[in-house]
Structure formats: C-alpha cells, structure tokens
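What follows is a short report on a single structure.
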Amino acid sequence: MSDETLDIMARVRRNAALRSTDWTQMDDAPLTAAKKLEWGVYRQLLRDLPGVVGFPNVPWPQPPANTDGAADGIPGQTAPT
C-alpha cells in the first residue's frame, strides 16, 4: 500500500473516532466534568495526530476508561465481557 493510501486510511479512522465521541462534548452528555475533560483531551490528541512525526505509523491515543459500561465511547453499547 502506498504512503498516501495509508495516510488516507488513518485519517478516515481518526475522523470516525472523533465522530463517535462527539456526544461526550455535548452539554447534556451524562458525564462528570472530569470525565468530559478526559474525553476532550483524547479528542484533541486525535486532532493533533496527523501532525505527529511519522504519521500514520505512530501510536494512537487510547480513549478514557468508561465508567458507565459503554463500549468505545458510544452510549447504549455495552462493553464485551
């Protein structure tokens, strides 16, 4: 695969991760202020990712641990057991 293809695929993955966590920044998100901040930091790391030297072959940020049983930051989805 070409470097350009890898770059595009990584950006698509990054954009999907951002979209799937948009809800965490809404005023009515069922999160504590501290958890909302954690998600905000994670989202900023995702936005900054293309500027990291070596992108797309770099370590990806990990989302905050969920305390509400949600999987991958999507409300209503339970984590696998």
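So that you can map any letter, position 78 of the sequence shown is 554 in the numbering used here, and since no number is skipped, the others follow by simple counting. Glycine residues also receive a C-beta, built at the ideal position from the N, C-alpha and C atoms. Please read all numbers here as calculations on a predicted model, not as lab measurements.
Beta-carbon proximity list for residue i, same chain, < 6 Å, skipping 5 on both sides
i      : result
Arg490 : Leu522, Leu525
Val534 : Val528
Gly552 : Unreliable positioning characterises Gly552 in this predicted model, as indicated by a pLDDT of 48, which lies under 50. The coordinate reading is nonetheless provided below. Once the five neighbours on either side are set aside, Gly552 has no close Cβ partner at all.
Trp536 : none
First and last residue of the uninterrupted alpha helix (DSSP H) at residue i
i      : result
Asp479 : 479 to 496
Trp585 : As displayed, the chain neither begins before 477 nor continues past 557, which places residue 585 out of reach and without an answer.
Gln520 : 509 to 524
Residues near residue i in its chain [Cβ-Cβ closer than 8 Å; skip 5 each side]
i      : result
Gln501 : Lys512, Trp515, Gly516, Arg519
Asp498 : none
Beta-carbon gap between residue i and residue j smaller than 8 Å
i      : j      : result
Ala492 : Phe531 : no
Exposure of residue i, with buried meaning 16 or more beta-carbon neighbours within 10 Å
i      : result
Leu494 : exposed
Pro540 : buried
Leu507 : buried
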